[in-house]
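Peer 1: Sending over a structure as structure tokens; questions will come in a sec.
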Amino acid sequence: MAVSSSAFIEVDAEMETGQVTGHRYFDKASSLHIIKVNQGNCYVSGREDEVLATVLGSCVAACIRDPLIGVGGMNHFMLPATDNVDLSSWSSLVSPELRYGNFAMEQLINQILKKGGDRRRLEIKVFGGGNVLNTTSKVGHKNADFVERYLHDEGFDVVSSDLRGDCARRIKYYPVSGRVQLQRLGQEAAGSIARTEQVRTPRIRPAAEEGSIELFD
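The opening position of the sequence shown corresponds to residue 7 in the numbering used here, with each subsequent residue numbered one higher.
Encoded structure:
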């Protein structure tokens with residue numbers, strides 16, 4: 007069932023769980039709480055009435071779940087690591103650590119393990135990494151390369167993914183069932199997302215060398 011963004015009703019509430027922060031919305035039509043996972047955020051849930059949602063341009067989100075205990079979560083990172091990054095240009099709007107892929111992945115996995123998850127059972131889906139920023143650095147593709155390499159090196163299999171390309175994406179993740187709704191967005195939406203990311207993403211120094219909705223069950 008597709009959930010229209012126009013059906014979101016914002017509740018003046020903010021949640022904090024350790025280093026995890028998010029915003030809660032309520033969709034009256036479905037009676038579901040929508041947890042908005044913004045850049046530099048991470049959220050883990052075992053509640054059937056919660057849906058994790060985000061919009062991705064060059065950023066990447068991992069959706070990870072232990073199907074046996076019915077606990078899953080989502081992160082949303084902006085860069086793979088600190089190499090070649092002008093740290094003075096970071097926006098204060100995002101977590102200092104979770105904006106980096108290596109920390110964001112470790113944080114999400116560890117939060118699930120703390121709730122009784124088992125690394126051997128983890129079901130992993132990854133999305134985003136679109137080339138939407140008007141730069142030559144192709145941050146999105148580097149994020150996609152990073153998450154694939156990280157998961158391979160850690161011995162994890164990816165059950166489904168939608169990475170790279172030049173489109174932005176809207177995703178909703180049901181952490182108990184593992185279901186994902188994905189919508190590829192048009193150029194106008196991608197442009198708006200890219201402008202937001204350019205404000206929040208630090209400048210990357212040059213290296214010395216170098217539409218429809220899909221369901222993922």
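We put the beta carbon where it would ideally sit given N, CA and C, even for glycine.
1) Give me the Cα-Cα distance between Glu132 and Cys69, rounded to the nearest whole angstrom.
2) How many angstroms separate the CA atom of Asp151 from the CA atom of Gly135?
3) Which residue wins for smallest C-alpha separation from Gly52, given the options Arg185, Pro181 and Leu191?
4) Applying the 10 Å Cβ sphere with the 16-neighbour rule, what's the burial state of Ala110?
5) In three-state DSSP terms, what is Tyr106?
6) For a minimum of 3 consecutive residues, which ranges assigned as the beta strand (DSSP E) are wholly contained in the stretch 115-162?
7) Give me, in chain order, the residues of the same chain whose beta-carbon lies closer than 7 Å to that of Val165; leave out the 5 immediate sequence neighbours on both sides.
8) Any chance the stretch 167-187 sits against the stretch 74-82, with 3 or more Cβ pairs inside 8 Å?
9) If we call anything under 9 Å between Cβ atoms a contact, is Val138 one with Gly146?
10) Here's a check: name, in chain order, each residue in its chain whose Cβ is nearer than 8 Å to the Cβ of Leu38, leaving out the five neighbours to either side.
11) For Leu93, count the other beta carbons within 10 Å of its own beta carbon; 16 or more makes it buried, fewer makes it exposed. Which is it?
Peer 2: Let me spell this out:
1) A small fix is needed here, since residue 132 is Val in this sequence, not Glu. Cα-Cα distance, rounded: 6 Å.
2) Rounded to the nearest angstrom, the two C-alpha atoms are 9 Å apart.
3) Nearest in C-alpha terms to Gly52, of all of Arg185, Pro181 and Leu191, is Pro181.
4) Label assigned to Ala110: buried.
5) Correct three-state label for Tyr106: strand.
6) Secondary structure within the stretch 115-162: the beta strand (DSSP E) runs of 3 or more consecutive residues, fully enclosed, are 129-134 (chain order).
7) So the qualifying residues of the chain are Glu129, Ile130 and Lys131.
8) With the cut-off at 8 Å, the stretch 167-187 and the stretch 74-82 touch.
9) Their beta carbons are under 9 Å apart, which means Val138 touches Gly146 by this criterion.
10) Result list for Leu38: Val9, Phe32, Asp55, Glu56 and Val57, in chain order.
11) Unreliable placement is indicated for Leu93, whose pLDDT of 45 sits below 50; the coordinate value is still reported in the next sentence. Counting Cβ neighbours within 10 Å, Leu93 comes out exposed, since fewer than 16 surround it.
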